[in-house]
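This is the structure:
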């Protein structure tokens, strides 16, 4: 057996200090930055924690698989699965269909692309989106807040970095924040507790293979 | 603006060939290998596709956040969220609580650790688990099958690699398979369509910070 690689994610023994929220960065040019953030939100939701995902480069009307699934999680009014002990099924568990609910995931952008005519409009949406995300983080009402693809507005100069760093420094101690996107600024990496580089080893596009719907959207 | 880094995951233009299932590998010593696989399963489920996650190093009784959330997704009997058009909410949508359901995620292991007395038992569980996973993949009943942490039984010599490669080669064309774990064998990387190395840049354990429940379990 390969003693060098025990079956654990732990790179050092699990510390025993005080538990607190983390700043987590997923960067790099490979796949999995956003999907891993979705997985973290899924896990926290499963623990009954309020989570929120703000997508800086997706439109509010986006209805990809993740939007449909997170809507289902946040709006489900069922009890626990048959044979399962009552796990937390969200604030609406057992309530009537018309009960109000908060979406877990939300697009803040305008479908920006290099063909966009009005880049200032895209920049303004990013600033408006950040104002909402910052308010959510500072309010301390959410266990986990994902700032999906926020590195792009930072890189394009649409959002200044310092207010983002200040919000991370001053956030409630229990709140975790996940930031995703290519080319995370070094100051953001310095400010983070955990940073993973999703490195592209091989991509199916390179072999001319498109994925089926449900894999990438 | 940084013209070098357009806001897209695409490393080459999206190809127009025939869509098919993919073999996707998440490896490396960083975080996010399993959580990104969970995110892919979440997305596919949101598209109404049957998904299955087999965890080779987790026990069947594991009730981490991901298990609770996937149970909720697979057993939810609600309709769509208020104000949403009817998205697929799984085979049980609208059915009675006692309707049978299939779990999305399942542990196959025995909590193996280096303290384990009976490694042969762990190895036998891995072989039994693989037999079930292989049957699911070959049956073509599932859009996406995740083989979580399968690289460990492969590396420990509990599972031979060739039958796994044969199953991937011979799988139904529409079925995607995601394999996760450190140190993926080169033959597996060669057989994959998409490979991401989750590279550890920084880990909160290194700073002596434990995460709150809901982040890592």
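Residue numbers (the numbering used here), protein chains in the order written: chain U, -3 to 213; chain Y, -3 to 213. Don't be surprised by glycine CBs; every beta carbon is placed ideally from N, CA and C. Bear in mind that the values here come from a model prediction, so they are computed numbers and not experimental data.
field: Residues in the stretch 193 to 212 of chain Y having any Cβ partner in chain U nearer than 7 angstroms
entry: 193, 194, 195, 196, 197, 198, 199, 200, 201, 202, 203, 204, 205, 206, 207, 208, 209, 210, 211
message: Among the candidates U:141, U:197, U:180, whose CA atom is the shortest distance from the CA of residue 47 of chain U?
response: U:141
- request: For residue 97 of chain Y, return the contacting residues in chain U, with the cut-off set at a CB-CB distance below 8 angstroms.
  value: 77, 78
task: Would you check if the stretch 21 to 38 of chain Y and the stretch 119 to 126 of chain Y touch, i.e. whether three or more CB-CB distances between them fall below 8 angstroms?
output: no
field: For residue 55 of chain U, three-class secondary structure by DSSP
entry: coil
- request: Could you name the residues of chain Y that residue 129 of chain U contacts, counting a contact when the two beta carbons are closer than 8 angstroms?
  value: Result: empty, since nearest Cβ-Cβ is about 17 angstroms, beyond 8 angstroms.
- request: Using alpha carbons as the reference points, say which of Y:22, Y:88, Y:13 lies closest to residue 195 of chain U.
  value: Of Y:22, Y:88, Y:13, the residue nearest in Cα terms is Y:22.
query: Applying the criterion that 16 or more other CB atoms from any shown protein chain within 10 Å of the CB defines a buried residue, is residue 10 of chain Y buried or exposed?
result: exposed
- prompt: For the stretch 53 to 72 of chain Y, which residues have a beta carbon sitting closer than 9 angstroms to at least one beta carbon of chain U?
  reply: 53, 59, 60, 61, 62, 63, 64, 65, 66, 67, 68, 69, 70, 71, 72
message: So residue 90 of chain Y contacts chain U; which residues on that side make the cut at Cβ distance below 9 angstroms?
response: Per Cβ cutoff of 9 angstroms: no residues; residue 90 of chain Y is ~11 angstroms from chain U at best.
message: Please tell me whether residue 162 of chain Y has its Cβ less than 8 angstroms away from any Cβ of chain U.
response: no
message: Contact defined as beta carbons within less than 8 angstroms: I believe residue 19 of chain Y pairs with residue 189 of chain Y. What is the distance between those atoms, to the nearest angstrom?
response: 5 angstroms
field: Buried or exposed by the 16-neighbour rule on C-beta atoms within 10 Å, applied to residue 13 of chain U
entry: In summary, residue 13 of chain U is exposed, with fewer than 16 beta-carbon neighbours lying within 10 Å of its beta-carbon over all protein chains present.
- prompt: In chain order, which alpha helix (DSSP H) runs of at least 4 residues are fully inside the stretch 63 to 140 of chain U?
  reply: 115 to 135
message: By the three-class DSSP mapping on this structure, what secondary structure does residue 171 of chain Y have?
response: coil
task: Determine, using beta carbons only, whether residue 181 of chain U comes closer than 8 angstroms to chain Y.
output: no
- prompt: Got a sec: is the Cβ-Cβ distance from residue 187 of chain Y to anything in chain U below 8 angstroms?
  reply: no
query: What's the call for residue 165 of chain U, buried or exposed, on a 16-neighbour Cβ count within 10 Å?
result: exposed
- request: Drop a sphere of 10 angstroms on the beta-carbon of residue 95 of chain Y, count the other beta-carbons inside from all chains shown, and report buried for 16 or more, exposed for fewer.
  value: exposed
query: Using a beta-carbon distance below 8 angstroms, is residue 190 of chain U in contact with chain Y?
result: Yes, residue 190 of chain U lies at the interface with chain Y (some Cβ there is under 8 angstroms from its Cβ).
- prompt: Considering only the beta carbon of each residue, do residue 70 of chain U and residue 97 of chain U sit closer than 8 angstroms?
  reply: yes
Residues bridged to residue 193 of chain U [DSSP beta-bridge criterion]: Here residue 193 of chain U is bridged, per DSSP, to U:23, Y:195.
message: Within 8 angstroms of any Cβ in chain U, is that where the Cβ of residue 176 of chain Y sits?
response: Chain U has no Cβ within less than 8 angstroms of the Cβ of residue 176 of chain Y.
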